[in-house]
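There are 2 protein chains.
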Amino acid sequence: MSAPQFLVPVLPDGDVFVLDGPEGHHAATVQRLRVGERLVLCDGSGGTAAATVVGAGKGSLELSLGERSYEPAPDPRLVVVQGIAKGDRGELAVQAMTEVGVDAIVPWAAVRSVARWTSDKPRQRWADTAREAAKQARRSWVPPVAAPVSTKDIPAGALVLHEEAALALSAVPLPSTGDIVVVVGPEGGIAPEELALMADAQPVRLGPSVLRTSTAGPAALAVLSARLGRW
Amino acid sequence: MSAPQFLVPVLPDGDVFVLDGPEGHHAATVQRLRVGERLVLCDGSGGTAAATVVGAGKGSLELSLGERSYEPAPDPRLVVVQGIAKGDRGELAVQAMTEVGVDAIVPWAAVRSVARWTSDKPRQRWADTAREAAKQARRSWVPPVAAPVSTKDIPAGALVLHEEAALALSAVPLPSTGDIVVVVGPEGGIAPEELALMADAQPVRLGPSVLRTSTAGPAALAVLSARLGRW
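Heads up: the sequence lines are chains A and B, in that order.
Counting from 1, one number per residue, gives the positions in the first sequence under the numbering used here.
Counting from 1001, one number per residue, gives the positions in the second sequence under the numbering used here.
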């Protein structure tokens, strides 16, 4: 297994660093990393530093830092506009999409979204889920979770997953740069009047079956990642 | 949304049918289907019959049957050997894989599988999950869940998802008939000695990130479905 990854706001300069706070607690107390073990520090924006534990305290680790590397920002970006789902389905979607390689997530208050977000807390929960999933998946970019949008704010030309679409996602032409925006409906699907409100929306099909909202985004990202040569 | 689907052991002959038992209860009491509404009866083995509700009783529905259709057995078959995972991760994997189009699921008692199956109950739970997911996804074939296997029973030539593999799943040659077997490790991954025990195993990579066991199978199936022209 590859070395575990921990997030820091900014990659430290110099050869030594003390990892403390919640990430230090997680590394020292939960994952119980010991002297000599290797880990990766990541700034969540493409930057990583290899590190080796040289001292273990109570809730913190002393690290010797090695090679830095930087992964450029992805282009094209894979952006998913995700219909707000009830229960834990939204978080399951965010978790799996982050593993599979989403570059940005935009929550969407759709007509058929049963749950209504009345504070920033649910968005923050999605952002925390994306952060944890990016760490687990060893991704060097943590996908941001935007403030929720309404239907008219969905970018023009978005690929809208729809079971009755004539065109398959596996066959639709893809741009080689910029944003590829995929729209995933909430559990009850996308309402016809919503589709009409989206400028230049391009309905696309993802197989013959009806997919749950927590399955559709990750499956679409897998197909797109393979098509773009990322996988 | 497409009409809801209900499973029957055998598709009825004739023009009328009473749907009772657990499926009738679900249709009449939980989903509250009413006279005039449409549904689909499915035998889980490719056969379906369109139906219209002509009478609603307590826990049962009287149906008028319409057009029958039959979807041939898929070929090639997509078979996933799924490492047994702890908690609900196994069921989440089975659910999403069934939506995305797996044709058969084989539980695998891997070295790093924390959970041990000591009765048929967990297999039955996976089979129930596959059955429910196939209904929800409107699939006419319910993927069977086999008895658990050990490493030496994994079919020769299987594609083994492995983060260090040189070959990408999106590039590996695929047979046009027979079984395409994909092996997904449990949460701790596949042990080196297990890989050595699998005859002619073909390690393949699925992207640059580390995927959870409940994400890897669905993502692999999405890539394969697109490559096979199913999607």
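From the three backbone atoms N, C-alpha and C, an ideal C-beta is built for every residue, glycine too.
Being a predicted model, the structure only gives us computed values, none of them experimental.
Look up Gln1031 (chain B) in the DSSP assignment and say whether it is helix, strand or coil. Here residue 1031 (chain B) corresponds to residue number 31 of the second sequence, with the count starting at 1. Three-state DSSP puts Gln1031 (chain B) in coil, outside helix and strand.
Using 9 Å as the limit for Cβ to Cβ distance, is Arg1034 (chain B) near chain A? In the second sequence, counting from the first residue as 1, residue 1034 (chain B) sits at position 34. It does not: the Cβ of Arg1034 (chain B) has no partner Cβ on chain A nearer than 9 Å.
Determine the DSSP secondary structure at Val1045 (chain B), reduced to helix, strand or coil. For this step, residue 1045 (chain B) is matched to residue 45 along the second sequence. This sequence places Ser at residue 1045 (chain B); Val is not what is there. Reduced to three states, the DSSP call for Ser1045 (chain B) is strand.
Could you tell me whether any Cβ in chain A is nearer than 9 Å to the Cβ of Ala1073 (chain B)? The residue given as residue 1073 (chain B) occupies position 73 in the second sequence. So no, Ala1073 (chain B) is outside the interface.
Give me the chain A residues within the contact set of Pro1218 (chain B), using Cβ-Cβ distance strictly less than 7 Å, ordered along the chain. Here residue 1218 (chain B) corresponds to residue number 218 of the second sequence, with the count starting at 1. What Pro1218 (chain B) touches in chain A: Thr215, Pro218, Ala219.
Pick from A:Ala196, A:Arg139, A:Val184, A:Ser170 that is closest to Ala73 (chain A), judged by C-alpha positions: To locate residue 73 (chain A), count along the first sequence from 1; it is residue 73. Of A:Ala196, A:Arg139, A:Val184, A:Ser170, the residue nearest in Cα terms is A:Arg139.
What three-state label does DSSP hand Gly55 (chain A) in the structure shown? Along the first sequence, read from residue 1 onward, the residue named residue 55 (chain A) stands at position 55. It is a strand residue.
State the Cα-Cα distance for the pair Glu1071 (chain B) and Gly1046 (chain B), rounded to the nearest angstrom. Translated into the one-based positions of the second sequence, residue 1071 (chain B) becomes position 71. Translated into the one-based positions of the second sequence, residue 1046 (chain B) becomes position 46. So the alpha carbons of these two residues sit roughly 5 Å apart.
Can you check whether the CB of Val54 (chain A) is closer than 9 Å to the CB of Val35 (chain A)? As a working mapping, residue 35 (chain A) is identified with position 35 in the first sequence. As a working mapping, residue 54 (chain A) is identified with position 54 in the first sequence. Against a cut-off of 9 Å, the Cβ pair of Val54 (chain A) and Val35 (chain A) comes out as a contact.
According to DSSP, residues forming a beta bridge with Gln1082 (chain B): Here residue 1082 (chain B) corresponds to residue number 82 of the second sequence, with the count starting at 1. Gln1082 (chain B) is bridged to B:Pro1107, B:Val1184.
From which residue to which residue does the beta strand (DSSP E) around Arg1068 (chain B) run? For the purposes of this step, residue 1068 (chain B) is taken as residue 68 along the second sequence, with counting starting at 1. Note, Arg1068 (chain B): beta strand (DSSP E), 1061 to 1070.
Nearest-angstrom Cα distance between Glu23 (chain A) and Ala196 (chain A)? Translated into positions along the first sequence, residue 23 (chain A) becomes position 23. Translated into positions along the first sequence, residue 196 (chain A) becomes position 196. Those two C-alpha atoms are separated by around 45 Å.
Would you list, in sequence order, the uninterrupted beta strand (DSSP E) runs of no fewer than 3 residues that lie entirely inside the segment 150 to 194 of chain A? 159 to 161, 179 to 184
Where the segment 37 to 60 of chain A meets chain B: residues whose CB sits under 9 Å from a CB there: none
His1162 (chain B) vs Val1114 (chain B) beta-carbon contact at 9 Å: Indexing the second sequence from 1 puts residue 1162 (chain B) at position 162. Indexing the second sequence from 1 puts residue 1114 (chain B) at position 114. No, Cβ-Cβ distance for His1162 (chain B) and Val1114 (chain B) is not below 9 Å.
Who are the neighbours of Glu1099 (chain B) on chain A, taking C-beta pairs under 7 Å? Against the second sequence, residue 1099 (chain B) aligns to sequence position 99. Within chain A, the residues near Glu1099 (chain B) are Ser209, Leu211, Arg212, Thr215.
In angstroms with no decimal places, state the Cα-to-Cα distance between Ser1060 (chain B) and Val1008 (chain B). The sequence position of residue 1060 (chain B) within the second sequence is 60, counting from 1. The sequence position of residue 1008 (chain B) within the second sequence is 8, counting from 1. Roughly 13 Å separates the two Cα atoms.
Got a sec, what are the start and stop residues for the alpha helix (DSSP H) Val94 (chain A) sits in? For the purposes of this step, residue 94 (chain A) is identified with residue 94 of the first sequence, where counting begins at 1. From DSSP, the alpha helix (DSSP H) with Val94 (chain A) extends over 89 to 100.
On the three-pair Cβ rule with 8 Å, is the segment 1132 to 1146 of chain B touching the segment 1162 to 1175 of chain B? no
Say whether chain B places a C-beta atom closer than 9 Å to the C-beta of Arg125 (chain A). For this step, residue 125 (chain A) is matched to residue 125 along the first sequence. Not one chain B Cβ lies under 9 Å of Arg125 (chain A).
Residues near Pro1155 (chain B) in its chain [Cβ-Cβ closer than 6 Å; skip 5 each side]: Counting from 1 along the second sequence, the entry for residue 1155 (chain B) is found at position 155. Excluding positions up to five away in sequence, the list reads Val1181.
Assumed close pair Ala1201 (chain B), Val1081 (chain B) - CB separation to whole angstroms, cut-off 8 Å: Walking along the second sequence from the start, residue 1201 (chain B) turns up at place 201. Walking along the second sequence from the start, residue 1081 (chain B) turns up at place 81. Rounded, the Cβ-Cβ distance is 11 Å, inconsistent with contact.
Count the CB pairs spanning the segment 1010 to 1021 of chain B and the segment 93 to 108 of chain A that are closer than 8 Å, and state whether there are at least three. no
Which of helix, strand or coil does DSSP assign to Arg1077 (chain B)? Taking the first residue of the second sequence as 1, we reach residue 1077 (chain B) at position 77. Strand, per DSSP.
Nearest to Arg1116 (chain B) by CA position, among B:Leu1211, B:Val1223, B:Pro1186, B:Ala1199, is which residue? In the second sequence, the residue the question calls residue 1116 (chain B) occupies position 116. Selected option, being the one with the closest Cα: B:Pro1186.
Would you call the CB atoms of Pro1148 (chain B) and Arg1112 (chain B) closer than 9 Å? Here residue 1148 (chain B) corresponds to residue number 148 of the second sequence, with the count starting at 1. Here residue 1112 (chain B) corresponds to residue number 112 of the second sequence, with the count starting at 1. In this structure, Arg1112 (chain B) does not lie closer than 9 Å to Pro1148 (chain B) by Cβ.
If we count the other Cβ atoms within 10 Å of its Cβ and call it buried at 16 or more, is Ser64 (chain A) buried or exposed? Here the question's residue 64 (chain A) lines up with position 64 in the first sequence. Looking at its Cβ environment, which holds fewer than 16 other Cβ atoms inside 10 Å, Ser64 (chain A) is exposed.
Since Ala239 (chain A) and Val1223 (chain B) are thought to touch, with beta carbons under 8 Å apart, how far apart are those beta carbons, to the nearest angstrom? Lying outside 1 to 231, the shown extent of chain A, residue 239 (chain A) is not represented and no answer is given.
Taking Cβ positions only, does Gln1202 (chain B) come closer than 9 Å to chain A? Translated into the one-based positions of the second sequence, residue 1202 (chain B) becomes position 202. Taking Cβ atoms only, chain A never reaches closer than 9 Å to Gln1202 (chain B), which makes this a no.
Is the CB-CB distance between Thr1129 (chain B) and Thr1151 (chain B) below 9 Å? The residue you call residue 1129 (chain B) lines up with position 129 of the second sequence. The residue you call residue 1151 (chain B) lines up with position 151 of the second sequence. It is not a contact, given that the beta carbons lie outside the stated cut-off.
Under 9 Å, do Val1160 (chain B) and Val1145 (chain B) count as touching if we go by C-beta distance? Position 160 of the second sequence, counting from 1, holds the residue named residue 1160 (chain B). Position 145 of the second sequence, counting from 1, holds the residue named residue 1145 (chain B). Not closer than 9 Å, so no.
According to DSSP, is Ala1216 (chain B) helix, strand or coil? Within the second sequence, the letter at position 216 stands for residue 1216 (chain B). Ala1216 (chain B): helix per DSSP, three-state reduction.
Considering only heavy atoms of the ligand MG, does any lie closer than 8 Å to the CB of Trp126 (chain A)? What this structure holds is no ligand at all, so the ligand MG is not there to describe.
What is the DSSP secondary structure of Pro1007 (chain B), counted as helix, strand or coil? In the second sequence, counting from the first residue as 1, residue 1007 (chain B) sits at position 7. Reading off the sequence, residue 1007 (chain B) comes out as Leu, not Pro. Of the three classes helix, strand and coil, the one that applies to Leu1007 (chain B) here is strand, per DSSP.
If you measure from the beta carbon of Arg1138 (chain B) to each beta carbon in chain A, is any gap under 9 Å? Within the second sequence, residue 1138 (chain B) is the residue found at index 138, counting from 1. Yes, its Cβ sits closer than 9 Å to a Cβ of chain A.
Specify, as a first and last residue, the run of the alpha helix (DSSP H) that Pro1122 (chain B) falls within. As a working mapping, residue 1122 (chain B) is identified with position 122 in the second sequence. 1121 to 1136 is the span of the alpha helix (DSSP H), which, as asked, contains Pro1122 (chain B).
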